[in-house]
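**Q**
In our numbering, the protein residues as written are 543 to 691.
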């Protein structure tokens, strides 16, 4: 009899480091930035990471569709914000009013909120709902670019 041990899930979700640089890439590719705000020991946060975002971030299709980043609300880990100034995860979370977890925001290259998903109702439909939000955010970005031409 073979016994299979569950393999540990490798975290492919990148912690946020430089939103200014991410913003430049997002502008060039005309795609949104998806930011997940979470807290340690949040079972729903871990569920979303494991069942949706880790898989999504590993798929080639999504590498050209969205930039995915992670922010721990209580972390003092340094980041660069969208304006190029030094900040940290905690300050960044406060700036965006992320106080319920998980919170997922879709942002444009300047940090403007284009879409939001707070909490988890059904994990079975989460990916589909998130994919629709990504598509809506992408459409908003393309419309913004047409207006600015």
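Just so it is clear, CB atoms sit at the ideal spot from N, CA and C, and this is done for glycine as well.
1) Quick check: residue 579 and residue 628, are their CB atoms within less than 7 Å of each other?
2) Just verifying my parser: in three-state terms, what is the DSSP assignment at residue 672?
3) Taking the straight line between their C-alpha atoms, what separation do you get for residue 681 and residue 619?
4) Per DSSP, what kind of secondary structure is residue 657 in: helix, strand or coil?
5) If you draw a straight line from the C-alpha of residue 651 to the C-alpha of residue 585, how long is it?
6) If you compare alpha carbons, which of 688, 687, 676 and 582 is closest to residue 607?
7) Assuming contact is defined by CB atoms lying nearer than 7 Å, are residue 632 and residue 616 in contact in what I supplied?
**A** So, from the listed chains and residues:
1) no
2) helix
3) 32 Å
4) strand
5) 30 Å
6) 676
7) yes
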